[in-house]
Structures are given as C-alpha cells and as structure tokens.
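K.L.:
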Amino acid sequence: MTEAAGARVDVEIVVGKDQGAMWDLVTDVARIGDFSPECVGAAWLDGSTPEPGGRFEGRNEFSGGFRSTVTCVVTEAHRPDVFEWIVLDPSELPERPGSIWRYELEPGDAPGQTKVAHRFVHGPGVTGLSEGMRENPSEAAAILQGRLDMLRKHMTQTIEGMARS
C-alpha cells in the first residue's frame with residue numbers, strides 16, 4: 239500500500255511584492271481565507287503570534303462538503319525569511335503531526351520581488367488523506383496523487399492571491 243507519510247508538494251513562484259509584505263501576508267493567519275480556496279479561515283489561539291510555539295486554529299473546506307477544524311503550532315518563524323507550522327492530528331502530539339507547512343521567502347532578482355517557496359509534507363499522524371487511503375487500499379495511490387495535485391493547485395492559487403492583494 240502507498241503511504242501518505244512523507245508525501246510532499248513544493249511550489250515556487252516569484253511575485254511582485256517585497257519580502258516584508260509577503261511575510262506579513264503569510265503570517266496573518268486571519269486573512270488566509272481571503273487567498274486560499276481550501277483554508278477558509280484561521281485565528282490565533284490564546285493571544286499567540288507568529289513565533290515558535292504560537293498556536294492557531296484553521297478551518298478547511300474540501301470538495302464534497304467535507305469540513306475540518308485543525309490546531310496548528312508554529313515551529314519556525316524568522317522575519318522575513320521563514321514561517322513553518324505543523325498541523326496536529328487528533329492525538330495532538332507535536333511529534334506526530336498530520337502535516338508540516340512551510341514558507342521560505344527570499345528577495346527576487348528585481349527590486350520589489352520575492353521568491354516564495356511553499357512546501358507541504360504529510361506527517362506520520364492521522365489525516366483525512368491517510369484515513370481515506372487506509373479505507374480504500376486498492377485506490378490509495380490514486381487518492382494520494384489526486385490530493386497532491388489538488389494541494390499544488392491550491393498552494394499556487396494562495397500565493398498568487400497574496401501577491402495580488
């Protein structure tokens with residue numbers, strides 16, 4: 239059977255927005271719903287901010303009407319270069335995240351540009367993807383590839399939406 243853990247999507251785009259402005263956008267979790275076709279909203283929890291240990295809740299909507307609410311923990315944040323967080327699975331054990339998300343921001347070749355690298359890695363934890371693959375082992379490879387393709391599309395749309403704002 240194909241495993242979800244370790245599955246990865248990388249998207250890299252140069253945008254016409256400076257690095258500081260992009261940092262402000264990727265760390266403003268309350269605005270993610272303005273840009274993402276999947277993560278429709280988020281909010282910092284308990285006064286957290288974009289720094290390691292900060293926690294936020296994300297609300298996702300998927301095709302077919304499936305909705306989920308997840309708790310995320312910031313694992314790395316260096317203004318204006320790196321913002322990374324994990325999505326906790328139902329066990330809420332940080333060492334077994336459902337996924338790891340990362341933005342790396344570098345100055346582009348021209349003034350006012352930023353090279354945005356956005357990464358998703360499926361962790362060892364339980365997710366809708368891993369459960370769907372477990373429940374449908376004969377279709378696991380197709381389920382995984384479909385999800386990775388959708389993530390690539392949505393990650394690209396999210397960056398492009400931020401760049402237009």
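Under this note's numbering, think of the first position of the sequence shown as 239, with each following residue one higher.
Cβ atoms here follow ideal geometry from the backbone N, Cα and C, with glycine treated the same way.
Values in this document were obtained by computation on a predicted structure and should not be read as measured data.
Which whole-angstrom value describes the C-beta separation of L382 and M371, a residue pair presumed to lie in contact below a C-beta threshold of 8 Å?
P.N.:
About 6 Å separates the two Cβ atoms, so the contact holds.
K.L.:
At which residue ranges does the stretch 331 to 374 contain complete alpha helix (DSSP H) runs of 4 or more residues, listed in the order of the chain?
P.N.:
Whole alpha helix (DSSP H) segments, 4+ residues: 366 to 373.
K.L.:
Would you mind listing the beta strand (DSSP E) stretches within the stretch 271 to 341 that are 3+ residues and don't spill past its ends, in chain order?
P.N.:
You should have 277 to 282, 293 to 299, 305 to 316 and 320 to 325.
K.L.:
Would you identify the three-state DSSP class for Q262, choosing helix, strand or coil?
P.N.:
According to the sequence shown, residue 262 is Asp rather than Gln. Helix, per DSSP.
K.L.:
I'd like to check one pair, I324 with T307: are the Cβ atoms closer than 7 Å?
P.N.:
No, these two residues do not count as a Cβ contact at 7 Å.
K.L.:
If I measure Cβ to Cβ from A380 and keep anything under 8 Å in the same chain, skipping five residues before and after, which residues do I get?
P.N.:
Closer than 8 Å at Cβ, skipping near neighbours: no residue.
K.L.:
Around the Cβ of D347, are there at least 16 other Cβ atoms within 10 angstroms (buried) or fewer (exposed)?
P.N.:
Its Cβ having fewer than 16 others within 10 Å, D347 is exposed.
K.L.:
Near G350, which residues of its chain fall below 8 Å by C-beta distance, leaving aside the five closest residues on each side in sequence?
P.N.:
Excluding sequence neighbours, G350 sits near G254, K255 and D256.
K.L.:
Pull up the distance between the alpha-carbon of F304 and that of I338, whole angstroms please.
P.N.:
Approximately 21 Å, taken between the alpha carbons.
K.L.:
Return the Cβ separation of G296 and C310 in integer angstroms, given the expectation that the two are a contact with Cβ distance under 8 Å.
P.N.:
Right, the Cβ-Cβ distance comes to about 6 Å (below 8 Å), so this counts as a contact.
K.L.:
If you run the structure through DSSP and keep just helix, strand and coil, what is E241?
P.N.:
Looking at E241 - three-state DSSP - the assignment turns out to be coil, as it is neither helix nor strand.
K.L.:
I believe T352 touches P345 by the beta-carbon criterion, under 8 Å. Please report the beta-carbon distance rounded to the nearest angstrom.
P.N.:
With 8 Å as the limit, T352 and P345 qualify as a contact, their Cβ atoms being about 7 Å apart.
K.L.:
Could you tell me the boundaries of the beta strand (DSSP E) in which E250 lies?
P.N.:
Unbroken beta strand (DSSP E) run through E250: R246 to V253.
K.L.:
Which one of S286, G258 and S301 has the shortest CA to CA distance from V267?
P.N.:
Answer by Cα proximity: S286.
K.L.:
Checking 7 Å against the spacing of the C-beta atoms, do R357 and D248 come in under that value?
P.N.:
Yes, these two residues count as a Cβ contact at 7 Å.
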